[in-house]
Amino acid sequence: MLGYSLTIAAISIVLCFILSNSVMNELLVIWCILASLTLLLMWSRYSELLYIFLFVPFMLIIGFAIARNEQAPLETKLKFFDGFVMGGHRGSPESAPENSLAALKAAQYEGCQLVEFDVQLTSDGIPIILHDDNTYRTTGIKREVSSSVLSEIAGLPLLTVNGINDTIPTLDDVITFCMRNNLKMIFDIKGMNDLLVRELARIIQDKNLYTSAIISSFSPAVPYFVKKADPNILTGFTNRRALYGFLTEDGSVDRGVWWNQWFLELMDDFLLLVLRSFLLPDFLGVDMLLLNHRDISHSIVTESAKRGMQVVAWTVNDKYEMNYMSKVLKIPFLTDIPKLFEG
Numbered sequence: 063m064l065g066y067s068l069t070i071a072a073i074s075i076v077l078c079f080i081l082s083n084s085v086m087n088e089l090l091v092i093w094c095i096l097a098s099l100t101l102l103l104m105w106s107r108y109s110e111l112l113y114i115f116l117f118v119p120f121m122l123i124i125g126f127a128i129a130r131n132e133q134a135p136l137e138t139k140l141k142f143f144d145g146f147v148m149g150g151h152r153g154s155p156e157s158a159p160e161n162s163l164a165a166l167k168a169a170q171y172e173g174c175q176l177v178e179f180d181v182q183l184t185s186d187g188i189p190i191i192l193h194d195d196n197t198y199r200t201t202g203i204k205r206e207v208s209s210s211v212l213s214e215i216a217g218l219p220l221l222t223v224n225g226i227n228d229t230i231p232t233l234d235d236v237i238t239f240c241m242r243n244n245l246k247m248i249f250d251i252k253g254m255n256d257l258l259v260r261e262l263a264r265i266i267q268d269k270n271l272y273t274s275a276i277i278s279s280f281s282p283a284v285p286y287f288v289k290k291a292d293p294n295i296l297t298g299f300t301n302r303r304a305l306y307g308f309l310t311e312d313g314s315v316d317r318g319v320w321w322n323q324w325f326l327e328l329m330d331d332f333l334l335l336v337l338r339s340f341l342l343p344d345f346l347g348v349d350m351l352l353l354n355h356r357d358i359s360h361s362i363v364t365e366s367a368k369r370g371m372q373v374v375a376w377t378v379n380d381k382y383e384m385n386y387m388s389k390v391l392k393i394p395f396l397t398d399i400p401k402l403f404e405g
């Protein structure tokens, strides 16, 4: 009986994979595997396991429906994305020091309608603009952001780029500049920080930035809890293929070592599955998918739009690819070199 059940299950899985590959539907793969395993448990009469196997997916469905977030109001999304064609990734880092006010000014001068920048909290709870965990790469002086107070970080001179000097700004400095110059903003948050999430929600509320700022992160927890703090705030989910398994976009440098690399790549496969099936974006209630330019296709742009999500590409540094994103796919993009765009 067990051998017969295994044979049926194996045949079912093979047929389901063939079918799923023809329609490119990852969810169908999951359904077929679950159906095959259920059949196996029924034929082998493992009733206790069968009850568990049937109960857990049911509870997951109920939990998904209860805990999921809703997207921000349509009017808010339309106002934010209206007119957004090109954004400066950390400003215009080829023209001025990255994440500086000078870089933001250069980005606007070179045609950007939006700037993206990285936000972190100092040890005394003040948001500053810096990409790395410490200041060494951009200033030549090593200070850990999480263990330094504002007076030790803000105002540090950044390394000169193209003869331009500037210092590390606070978030308040950047918001003031963007509001005065009608620049929209993407707040990039590297990882979940409850204090930072609550502080950003408060700032957006106090300054009424609902239609001019969006919070995005590689960490799903960030957009999820931002929406819990205020469902009217625009949020995004940032992603690239092989995020956990590889340090580089092209997958040439492993992130782990031999004993855990397989697990990291398994996490990447799972993330790709829940992203492309829209299970994760739908659950988070995000309004934007900020995807690596290598991972964008016409189908994901179209399907995202149907679900109320705007796809934005990062980081596009080739003028021909810029034209493809803007004129063919008709989506906005982030770039390090805004002056290349001829649109």
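Using our numbering, the first residue of the sequence shown is number 63, and each one after it goes up by one. We treat Cβ as the ideally placed atom computed from N, Cα and C, and that holds for glycine.
My guess is that residue i and residue j are in contact by the Cβ rule of under 8 Å, so how many angstroms apart are they, rounded?
| i | j | result |
| --- | --- | --- |
| residue 394 | residue 363 | Contact doesn't hold; Cβ gap of about 11 Å is too wide. |
| residue 228 | residue 220 | 5 Å |
| residue 254 | residue 283 | 4 Å |
| residue 181 | residue 266 | Not really, about 12 Å apart at Cβ, beyond 8 Å. |
| residue 183 | residue 235 | So it is not a contact: roughly 15 Å between Cβ atoms. |
| residue 403 | residue 148 | 6 Å |
| residue 271 | residue 305 | About 28 Å; that fails the 8 Å criterion. |
| residue 142 | residue 273 | 5 Å |
| residue 237 | residue 269 | 6 Å |
For residue i, count neighbouring C-beta atoms within 10 Å of its own C-beta (all shown protein chains included) and say buried if the count is 16 or more, exposed if not.
| i | result |
| --- | --- |
| residue 310 | exposed |
| residue 295 | buried |
| residue 151 | buried |
| residue 406 | No answer is possible for residue 406: it lies beyond the span of the chain, which begins at 63 and ends at 405. |
| residue 133 | buried |
| residue 300 | buried |
| residue 200 | buried |
| residue 397 | buried |
| residue 259 | buried |
| residue 129 | exposed |
| residue 126 | exposed |
| residue 286 | buried |
| residue 390 | exposed |
| residue 122 | exposed |
| residue 257 | exposed |
| residue 153 | buried |
| residue 263 | buried |
| residue 405 | exposed |
| residue 361 | exposed |
| residue 399 | buried |
| residue 368 | exposed |
| residue 288 | buried |
Give the range of the alpha helix (DSSP H) segment to which residue i is assigned.
| i | result |
| --- | --- |
| residue 215 | 212–215 |
| residue 268 | 256–269 |
| residue 236 | 233–242 |
| residue 326 | 323–338 |
| residue 346 | 341–346 |
| residue 385 | 381–385 |
| residue 378 | That residue, residue 378, is in no alpha helix (DSSP H); it is neither H nor E in DSSP. |
| residue 285 | 283–291 |
| residue 171 | 163–171 |
| residue 199 | 198–201 |
Keeping to the same chain, check which residues put their C-beta closer than 6 Å to that of residue i; ignore five residues upstream and five downstream.
| i | result |
| --- | --- |
| residue 298 | 276, 278, 348, 350 and 352 |
| residue 303 | 357 |
| residue 223 | 158 and 159 |
| residue 280 | 300 |
| residue 336 | 342 |
| residue 168 | 154, 157 and 158 |
| residue 384 | 378 and 403 |
Looking at the secondary structure, which residues open and close the beta strand (DSSP E) in which residue i lies?
| i | result |
| --- | --- |
| residue 189 | 189–191 |
| residue 246 | 246–251 |
| residue 371 | Element bounds for residue 371: n/a, residue is neither H nor E. |
| residue 275 | 275–279 |
| residue 180 | 176–183 |
| residue 140 | Taken as a continuous stretch (DSSP letters only), residue 140 belongs to no beta strand (DSSP E), being part of the alpha helix (DSSP H) at 136–143. |
| residue 397 | 395–397 |
| residue 300 | 296–301 |
| residue 350 | 350–354 |
| residue 148 | 148–151 |
Excluding five sequence neighbours on each side, which residues of the same chain lie with their C-beta closer than 7 Å to the C-beta of residue i?
| i | result |
| --- | --- |
| residue 188 | 212 and 232 |
| residue 170 | 243 and 245 |
| residue 317 | 306, 307, 308, 309 and 326 |
| residue 146 | 175, 176, 246 and 394 |
| residue 214 | 205 |
Suppose the cutoff is 8 Å on Cβ atoms and the five residues either side in sequence are ignored; what does the same chain contact list for residue i look like?
| i | result |
| --- | --- |
| residue 387 | 355, 358, 375, 378, 393, 394 and 395 |
| residue 370 | 133, 136, 139 and 349 |
| residue 204 | 196, 197 and 198 |
| residue 202 | 221 |
| residue 291 | 259, 260 and 263 |
| residue 186 | 211 and 212 |
Stretch pair the stretch 226–244 + the stretch 189–196: three plus CB contacts closer than 8 Å: Three or more Cβ pairs closer than 8 Å define a contact, and the stretch 226–244 meets that threshold against the stretch 189–196.
At least 3 beta-carbon pairs within less than 8 Å: the stretch 240–251 vs the stretch 203–216: The stretch 240–251, when compared against the stretch 203–216, does not touch it at the 8 Å Cβ threshold.
At least three beta-carbon pairs within less than 8 Å, the stretch 156–170 to the stretch 125–139: Taking 8 Å as the limit for Cβ pairs, the verdict is that the stretch 125–139 does not touch the stretch 156–170.
Validate contact between the stretch 168–178 and the stretch 326–345 using beta carbons, cut 8 Å, 3 pairs: The stretch 326–345 and the stretch 168–178 do not touch, with fewer than three beta-carbon pairs separated by less than 8 Å.
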